[in-house]
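According to UniProt numbering, the stretch in the sequence shown is residues 1 to 217, in order. Quick reminder that beta carbons are idealized off the backbone N, C-alpha and C, glycines included. Note that this is a predicted model, so its numbers are computed, not measured. All remarks here apply to the structure that follows.
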Amino acid sequence: MTIRDYLLEHFPGLSLEPPLYYSWPTGLRFEIAKPGSEHLDTDNLEQMDERTTSLFNAVFEQDDEVVLVTNVFGLNDSPPPKTNVFLKYIKDKDVRMKLQYERVDGLIDDEDETVTHRFSLQCKAGDIRYRPLLMAICHEDFNHSTRILKNRWDIGLDIYFVNITKHLIYHLYDDRGCDIISAEKDTLLPLYHSASPWILEYDREQIDGVFLEGGTT
1 MTIRDYLLEH
11 FPGLSLEPPL
21 YYSWPTGLRF
31 EIAKPGSEHL
41 DTDNLEQMDE
51 RTTSLFNAVF
61 EQDDEVVLVT
71 NVFGLNDSPP
81 PKTNVFLKYI
91 KDKDVRMKLQ
101 YERVDGLIDD
111 EDETVTHRFS
121 LQCKAGDIRY
131 RPLLMAICHE
141 DFNHSTRILK
151 NRWDIGLDIY
161 FVNITKHLIY
171 HLYDDRGCDI
181 ISAEKDTLLP
191 LYHSASPWIL
201 EYDREQIDGV
211 FLEGGTT
């Protein structure tokens with residue numbers, strides 16, 4: 001099953017692009033970095049590491065089937081850019097051999113000239129070096145040694161962890177926040193309660209309305 005087919009079956013109408021939280025009725029949006037802190041402050045780095053990893057571990061188990069999706073977007077006349085996501089963060093060479101590629105036109109904006117190069121790999125959650133990858137995503141908007149696109153500031157990327165066992169999607173959109181959506185509300189209900197202090201205050205009222213008893217399914 002391709003990632004397109006999976007989304008059609010379990011997340012009908014969803015386009016794999018940010019912001020996921022505002023594109024699907026059952027989701028959570030979490031604050032990751034400390035507001036107002038310098039990016040490389042020790043306390044901020046520790047909070048980013050703790051929250052991204054804890055949220056991931058809460059919704060992924062080692063044997064869960066996952067599709068790791070990397071969308072790289074740039075001008076439509078550009079060739080598929082090189083990315084070290086799969087080489088660096090997938091442990092097994094044989095698993096990396098299953099990498100798939102497709103070009104997705106008009107994902108960002110139907111009227112502009114950008115094209116999305118989509119790389120996807122089905123694997124187990126345990127095949128992914130997710131902790132350093134999550135921190136690399138947090139550093140992506142900064143001139144940091146782990147930056148995935150290195151010196152390519154003319155293009156951008158988004159990385160999605162699609163859990164096809166539990167039917168949920170984890171998207172750390174940058175160091176500021178993380179969206180987790182699910183096909184069924186009950187899947188995220190335990191996380192809603194356990195990680196409530198991390199929910200982004202701006203969206204808390206709407207999230208409470210969905211996940212508190214009597215909320216919309």
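Exercise for the section: Can you check DSSP and say which residues form a bridge with Glu-9? Expected result: Taking the first residue of the sequence shown as 1, we reach residue 9 at position 9. Its beta-bridge partners do not exist; DSSP assigns none.
Exercise for the section: Spatial neighbours of Ser-177 within its chain, please: CB distance less than 7 Å, with the 5 preceding and 5 following residues excluded, ordered by chain position. Expected result: The count along the sequence shown starts at 1 and reaches residue 177 at position 177. Before going further, note that residue 177 is Gly rather than Ser in the sequence given. Arg-29, Phe-30, Glu-31, Ile-32, Leu-200, listed in sequence order.
Problem - Validate contact between the region 192–206 and the region 91–101 using beta carbons, cut 8 Å, 3 pairs - result: With a cut-off of 8 Å, the region 91–101 and the region 192–206 do not count as touching, because too few Cβ pairs lie within range.
Exercise for the section: Please name the residue or residues paired with Leu-172 in a DSSP beta bridge. Expected result: Indexing the sequence shown from 1 puts residue 172 at position 172. Note: Leu-172 sits in a beta bridge opposite Cys-178.
Handout entry: C-alpha gap between Thr-217 and Lys-185, whole angstroms
Key = In the sequence shown, residue 217 corresponds to position 217, counting from 1. In the sequence shown, residue 185 corresponds to position 185, counting from 1. Legend: pLDDT at Thr-217 = 45, less than 50; position of this residue unreliable, value from coordinates given subsequently. One alpha carbon belongs to Thr-217, the other to Lys-185, and they sit about 6 Å apart.
Handout entry: alpha helix (DSSP H) segment containing Lys-91, residue limits
Key = Mapped onto the sequence shown, residue 91 falls at position 91. DSSP places Lys-91 in no alpha helix (DSSP H); its state is neither H nor E.
Problem - His-117, enclosing beta strand (DSSP E) - first and last residue - result: Your numbering for residue 117 matches position 117 in the sequence shown. For His-117, the enclosing beta strand (DSSP E) covers residues 114–124.
Practice task
Can you say whether Gln-62 is buried or exposed, counting buried as having 16 or more other CB atoms within 10 angstroms of its CB?
Solution key: Reading the sequence shown from its first residue, position 62 is the one you call residue 62. Gln-62 should be labelled exposed.
Exercise for the section: In angstroms with no decimal places, state the Cα-to-Cα distance between His-39 and Trp-24. Expected result: Against the sequence shown, residue 39 aligns to sequence position 39. Against the sequence shown, residue 24 aligns to sequence position 24. Rounded to whole angstroms, His-39 to Trp-24 spans 30 Å at the Cα level.
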